[in-house]
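So the protein lines, in turn, are chains A and B. Residue 226 in the working numbering sits at position 226 of the first sequence, and the numbers go up by one each step. Residue 389 in the working numbering sits at position 154 of the second sequence, and the numbers go up by one each step. The structure appears below as structure tokens.
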Amino acid sequence: MIEVTGLTVRFGGVTSIDDLSLVFEQGTCGLIGPNGAGKTTFLNVLSGFVRPAGGVVRAFGVDLLSMTHFRRARWGVRRTFQTEQAIEELSVFDNVAVVHEHSKLGSATRKKDVLDAISFVGLDVAPGAKIRTLGAGQRRLVEVARAVVGRPRLVLLDEPAAGLPDEETSHLGEVIRRLPEHTGALTILVDHDMSLVSACCQTTAVLDFGKLIASGPTAAVLRNDDVIRAYLGVA
Amino acid sequence: MRIRAAVIVALLLFVLFGIPQLFSLYYVDSMTEVAVYSIVALGLGVLVGRVGLVSLGQVAVLAIGAWAAARLLFATTQPYPVVLIEAGLITMVAGMVIGLPALRLRGLYLALITLMLAGAITVVLDTINFPNGGRGFLGYNGSAVTPPPIRLPSIAANDKAYFQYSVVVAIVMFLLVFVHTRTRPGRAWAAIRQSEPTALATGINVTLYKLWALALASFITGVAGGLLAGASHYLYSIDFPAQNSIILLAVVLMGGAYSMWGAVVAALLYQFLPALLQNWGVSADWLTILFGLGVVQVLTTAPAGLADQVPRDLARLGRLLRRRLARARPMGPMGPVGPAAAGGDPQ
């Protein structure tokens, strides 16, 4: 469980997240909103790339903000980026192994854990394959495998389906849906694809101009008048 | 893989035993310098190619290694390998002390700082001079008319043997870097080169691994400095002008900062080509122009350098020739040759 209390982020005169308080209980939670609503900033705060001006973030009872970014990753915060960041120079196996290597897990189960993660995301390529030989969808799956290997506690996915064709998006959605059960991690999904969000997320929170405008069960949130007005638009 | 290993072994055997037999002392001495500078280029390749730290001060780092080795060789009777390791360690500490604050900078600013530091080190060396058998901490005797030369290893007391000795040391340094790139630090460096946020999100302590790369590069450059001390017999501060670091970066980019072969190519360009031109009576100043053009050529057409471009282009040329031959003799002994048989062009 993540409890966010009074979170405020400012960039100069712009208040990107404004006194935000919300709770993500468990499973896969959606985080949606128009461009500039503060979604990626929120993920950046959780993963340690942005230092908030105020507020408290407690994840599973731990004060997340007191840890530096790479220590958070070791503790179990995993994230993907809007622009896919599978490591070009390394093989699929090494891409995943490097995360395991820098987690708190020993090397005894590394090979098994890495191969498990690769097969969990449904990557049907040789583990020794180089990243540059893969397609966009496969590279996204490598990133997701990097996020699930070892024992993640909090998985942050920043628009993982951006630019993918429908077929690959639905496969990715299937992987994301099974992710909390497989890893036990709380997953936060940021995406603009509402069918993906409704398919994967039991609960969803909606941001607009850095403020929470709705949260709760996904279906109810997507019918919320404020959400339709601010983000989804009237049909 | 086996063929590749066999080719490398054959090449090394030729370098170790063929070159001293076939070439004159002039070229053997030049090749000793190539061995030394291939280590320096390898160190710069680790910094530029692995973690994206552009250093314009590697020749100054080399000078620190040479100074430390010369001092130890005059002051002690320690075996040569011990002195080389000590020179490497001293240079490593110096490199890290200098580099730690510089690690907070990136790109152009880091390059500028390293150039400034190289300039500062050159000034210090101008003042304190290289050891020449004198007393005291600095070991410099300004009034010596015929200072003693820096001693050589007992097993490599002549120039040809010292060449072989240098090649063996270079091989050990290349293996040291090879092991690094294939294990934990190499994977961490690959992540850092991709992007620092990616590396941090992977749990990699980016500062630690950058410092590690800096330490490794400084260590091997220090060892190279030790080799250079023996090869030169006498060391002078004018042998290490700060601007040579810029030329070194140029040849490393031309050779290929991402591969180990690139370091060898860089050293050949940096040391062997001038020796060749000098022997042919051509002014080495042409090289400055050549390197300038070469860097532009490489940066526009082959970011991974000649070590990547030349084999690729040769393979392409080979395919082209085979196709031409096949077209000229469609029913030749190789049988009908189509696009599939010509081997798919990966590019």
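Every residue gets a Cβ at the ideal spot worked out from N, C-alpha and C, and that includes glycine. Treat the numbers as computed from the prediction; the structure is a model and nothing was measured.
If we cut at 8 angstroms on Cβ distances, does residue i have a partner in chain A?
i	result
Ala450/B	no
Gly438/B	yes
Pro432/B	yes
Ala423/B	yes
Pro571/B	Per-residue confidence for Pro571/B stands at a pLDDT of 46, beneath the threshold of 50, marking its modelled position as unreliable; no derived number is given.
Answer yes or no: does any C-beta atom of chain B fall closer than 8 angstroms to that of residue i?
i	result
Arg74/A	yes
Leu90/A	yes
Gly190/A	The amino acid at residue 190/A is misidentified as Gly; the sequence shows Val. Not an interface residue.
Arg79/A	yes
Thr218/A	no
Asp225/A	no
Gln85/A	yes
Val98/A	yes
Ser16/A	no
Should residue i be counted as a contact of the ligand MG given a C-beta to heavy atom distance under 7 angstroms?
i	result
Val62/A	Summarising the ligand content, the structure contains no ligands, and the ligand MG is consequently not present.
Which residues bound the beta strand (DSSP E) around residue i?
i	result
Ala214/A	Lys211 to Pro217
Asp474/B	Counting along the chain, Asp474/B falls outside any beta strand (DSSP E), and DSSP gives it neither H nor E.
Gly55/A	Gly54 to Ala59
Ala187/A	One detail in the question is off: residue 187/A reads as Thr in this sequence, not Ala. Per DSSP, Thr187/A belongs to the beta strand (DSSP E) from Leu186 to Val190.
Val77/A	Val77 to Arg79
Using three-state DSSP, classify residue i as helix, strand or coil.
i	result
Gly573/B	Because Gly573/B sits at a pLDDT of 43, beneath the cut-off of 50, its placement in the model cannot be relied upon, and the following sentence gives the value as read from the coordinates. It is coil, neither helix nor strand.
Val271/B	helix
Cys200/A	helix
Glu3/A	strand
Gly578/B	Annotation note: pLDDT 42 at Gly578/B (below 50); position unreliable, coordinate value reported separately. Residue state, collapsed to three classes: coil.
Gly323/B	helix
Gly369/B	coil
Thr30/A	The question names Thr, yet the displayed sequence has Gly at residue 30/A. If DSSP states are grouped into helix, strand and coil, Gly30/A belongs with the strands.
Val289/B	coil
Pro568/B	Any reading at Pro568/B must be qualified, since the residue scores a pLDDT of 49, below 50, and its modelled position is unreliable; the value itself is stated next. Coil, per DSSP.
Arg151/A	coil
Thr40/A	helix
Lys111/A	helix
Leu350/B	helix
Ala126/A	coil
Val517/B	coil
Arg10/A	strand
Leu156/A	strand
Leu483/B	helix
Let's see if you can read the secondary structure: which residues bound the alpha helix (DSSP H) around residue i?
i	result
Ile243/B	Arg237 to Leu248
Pro542/B	Looking at the sequence provided, one finds Ala at residue 542/B rather than Pro. First-last of the alpha helix (DSSP H) with Ala542/B: Leu541 to Ala563.
Thr15/A	Run containing Thr15/A: none in the alpha helix (DSSP H); it sits in the beta strand (DSSP E), Val14 to Phe24.
Trp521/B	Asp520 to Thr536
Arg341/B	Note, Arg341/B: premise wrong, no alpha helix (DSSP H); not H, not E.
Arg428/B	Arg419 to Gln429
Lys445/B	Val441 to Ser467
Asn95/A	Val92 to Glu101
Leu257/B	Ile254 to Leu257
Val281/B	Neither: Val281/B is in no alpha helix (DSSP H) and is coded neither H nor E.
Output, in chain order, the set of chain A residues within a Cβ distance shorter than 9 angstroms of residue i.
i	result
Ala498/B	Here the premise fails: no neighbours, minimum Cβ distance about 17 angstroms.
Output, in chain order, the set of chain B residues within a Cβ distance shorter than 7 angstroms of residue i.
i	result
His102/A	Thr437, Gly438 and Ile439
Phe11/A	By Cβ distance, chain B contributes nothing, its closest Cβ being about 17 angstroms from Phe11/A, past 7 angstroms.
Asp94/A	Arg422
At 8 angstroms on the CB atoms, spell out the chain A contacts of residue i, in chain order.
i	result
Arg428/B	Glu89
Using the beta-carbon of each residue, which ones in chain A are nearer than 7 angstroms to residue i?
i	result
Arg419/B	Glu101
Can you pull the chain B residues whose beta carbon is under 9 angstroms from the beta carbon of residue i, in chain order?
i	result
Phe171/A	Before going further, note that residue 171/A is His rather than Phe in the sequence given. Here the premise fails: no neighbours, minimum Cβ distance about 23 angstroms.
Taking residue i as the query, report the chain B residues whose CB atoms sit under 8 angstroms from its CB, ordered along the chain.
i	result
His69/A	Leu435 and Ala436
Compare the C-beta of residue i with all C-beta atoms of chain C and state if any pair is closer than 8 angstroms.
i	result
Ala126/A	Considering every chain present, this structure includes no chain C. Its protein chains are A and B.
Check your understanding: Residues in the segment 19 to 50 of chain A with C-beta within 7 angstroms of chain B's C-beta atoms, listed in sequence order?
Key -> Residues passing the 7 angstroms Cβ filter: Ser47 and Phe49.
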